[in-house]
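Novice: Provided herewith is a single structure, encoded as structure tokens, for subsequent inquiry.
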Amino acid sequence: MATLARPAALPLEVLDIGNPHLWTEYTHVLPYLAEMRRAGPVHWCPESMYGPYWNIVSHHHIMEVEGRPDIFSSSWERGGITIADRPEGRQDEPQMPMFIAMDRPEHTGQRRTVAPAFTPAEMVRQTADIRRRTAELLDSLPVGEEFDWVDKVSIELTTGMLAILFDFPWADRRLLTKWSDAATDFEAIEDDELNKKRWEELFEMVAYFTNLWNERANKEPRPDLISMMIHSDATKNMTPQEYLGNLVLLIVGGNDTTRNTMSGSAMVQNLYRDNWSKMMADPSLISNGVSELIRWQTPLAHMRRTATQDFEVGGQLIRAGEKVVMWYLSANRDEGIFPNADIFDPTRENARRHLSFGFGIHRCVGARLAELQIGILLEEMQKRRMKVEITGEPVRVYSSFVHGFRGLPVVMTRG
Ligand code: HEM
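Below, the structure is given as structure tokens:
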């Protein structure tokens, strides 16, 4: 596998910004993306561990690509939505068709099936419970002692939310974390032995969820995601692979992303103390601060598309069949749209223009729920005058797709 001895010495023509090694060290990623933006909106990477691919790095051109879903396909049959293709020699592994990796018309019906779980009315129904769980969790944290913010706060809150959405047995909820991590474990995907174990975990997930499906199949419709799939024409006859794919989508969608924004809250509190304090002193800034935090963190660094025909973007001719990687993290640091983009600023006027949720027909269906959970976390921290001090090196996820943290040691105090 390609390793980077001196990343700073790499010229853009051979830079493989998708290499996950760069993302665990991280300090190199943002300067590279900035250099790419200065050089132009669209770049070709001729060779990488994931094969050749195009990089789209400007806010404007990512919207252009996402706005043409018929030309830039999300379909799993063409390669799906992440930079990594199915590794060679793994042709007998099951595919995971999921609606985020489908084009119209299949995408439309399946998205519509789960959308009722995320309406404004549903958010109102969920609010009191999210607030109670968040408050209880914050009150249970140790004061003045080191603990891992990722494990105790980010994972616990998002996994609990998912368990509620699926009406999943509460005592087993950490299984959802295990399966979500397995689904996106780039390190395991690259290693035959680890990958075998990864698949064992995913099969365990399907078996578990198949039992839940069977238990609920002949019951009245209820507002949980499994019951919604059972009672929708678009999803009631899914193949086992499609069921697996859509479970992974909902579990990863609801888990890794919100989790890493919550971890980002501890980061910005330490990196941008004045702006954080400003928000804590004036809770009316929290709602915009949530969008700003999601912009700043950008929990999914990219989405990928595959060109279905030749098409020019940003002055470059992209040919049919070529892989196109849209770097949301770069769009969200695009100085033409967000001045002083590296800084977390809860008063930023256009924070909501971030592309962390994507754009167009695949724009995140869970966006409102993510904002609600993160907003409640910040409000409850504000009420408790919580101060979270980072006490060691953050451990970053080995991935250029999921952009976040494996561990974040902190000590908490109250003002
Ligand atoms: C801060 C938190 C979140 C971020 C940053 C995020 C990000 C994204 C992104 C980038 C996409 C693809 C957009 C595109 O291709 O244009 C997406 C789609 C999706 N997200 Fe989220 N997401 C978050 C939270 C959630 C939550 C809480 C759920 C559900 C529990 C969820 C479920 C989904 C689903 C089902 C899709 C597929 C939508 C489609 O293909 O039509 N996400 N999300």
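Heads up: take any position in the sequence shown, counting from 1, add 945, and you land on the numbering used here.
The beta carbon of each residue, even a glycine, is placed where N, CA and C say it ideally should be.
Just so we're clear, the structure is a prediction, and the values are computed from it rather than from any experiment.
Look at Leu1170 and Ile1045 and say whether their C-beta atoms are less than 8 Å apart.
Specialist: Contact flag unset, no.
Novice: Using a threshold of 8 Å, state whether the C-beta atoms of Ile1231 and Gln1327 are closer than that.
Specialist: Cβ distance < 8 Å, so Ile1231 and Gln1327 count as in contact.
Novice: Could you say which of Leu957, Phe1302, Lys1097 lies nearest to Thr1243 if we only look at CA atoms?
Specialist: Ranking Leu957, Phe1302, Lys1097 by Cα distance to Thr1243 puts Phe1302 first.
Novice: Alpha carbon to alpha carbon, how far is Glu1022 from Ser993? Give it in angstroms, no decimals.
Specialist: Each residue's alpha carbon lies about 21 Å from the other.
Novice: Is Ile1321 near the ligand HEM, going by C-beta to nearest heavy atom under 7 Å?
Specialist: Incorrect: Ile1321 has no Cβ contact closer than 7 Å to the ligand HEM.
Novice: With burial defined as no fewer than 16 other Cβ atoms inside 10 Å of the residue's Cβ, what is the status of Asp1126: buried or exposed?
Specialist: Looking at its Cβ environment, which holds 16 or more other Cβ atoms inside 10 Å, Asp1126 is buried.
Novice: Helix, strand or coil for Ile1171, going by three-state DSSP, please let me know.
Specialist: Three-state result, Ile1171: helix.
Novice: Once the 5 residues before and after Asn1191 are set aside, which same chain residues still bring their CB inside 6 Å of it?
Specialist: Excluding residues within five positions, the ones whose Cβ falls inside 6 Å are Met1043.
Novice: Using three-state DSSP, classify Ser1085 as helix, strand or coil.
Specialist: It is helical.
Novice: Assuming Asn1200 and Thr1103 form a contact by the criterion Cβ under 8 Å, report the distance between their Cβ atoms to the nearest whole angstrom.
Specialist: Contact holds; Cβ gap of about 5 Å.
Novice: Going by other Cβ atoms of all chains shown within 10 Å of its Cβ, with 16 needed for buried, is Arg1341 buried or exposed?
Specialist: The residue in question, Arg1341, is buried, as its Cβ has 16 or more Cβ neighbours within 10 Å.
Novice: Beta carbon of Ile1100: closer than 7 Å to some heavy atom of the ligand HEM?
Specialist: Because no heavy atom of the ligand HEM lies under 7 Å away, the Cβ of Ile1100 does not count as near it: no.
Novice: Hey, quick one: how far does the beta strand (DSSP E) through Leu1262 stretch, first residue to last?
Specialist: Taken as a continuous stretch (DSSP letters only), the beta strand (DSSP E) holding Leu1262 covers 1261 to 1263.
Novice: State buried or exposed for Ala950, treating a residue as buried only when at least 16 other CB atoms are found within 10 Å of its CB.
Specialist: Below a pLDDT of 50, predicted positions are generally treated as unreliable, and Ala950, at 39, falls in that range; the measurement from the model is reported next regardless. So Ala950 ends up on the exposed side.
Novice: Taking Cβ positions, are Arg1057 and Ala1179 nearer each other than 8 Å?
Specialist: For Arg1057 and Ala1179, yes; Cβs fall inside 8 Å.
Novice: Within its chain, find whatever has a CB closer than 7 Å to the CB of Trp1221; leave out the 5 residues flanking it on each side and keep chain order.
Specialist: Correct list, in chain order: Val1213, Gln1214.
Novice: Hey, is Leu1230 close to the ligand HEM, as in C-beta under 7 Å from one of its heavy atoms?
Specialist: No.
Novice: Applying the criterion that 16 or more other CB atoms from any shown protein chain within 10 Å of the CB defines a buried residue, is Glu1316 buried or exposed?
Specialist: So Glu1316 ends up on the buried side.
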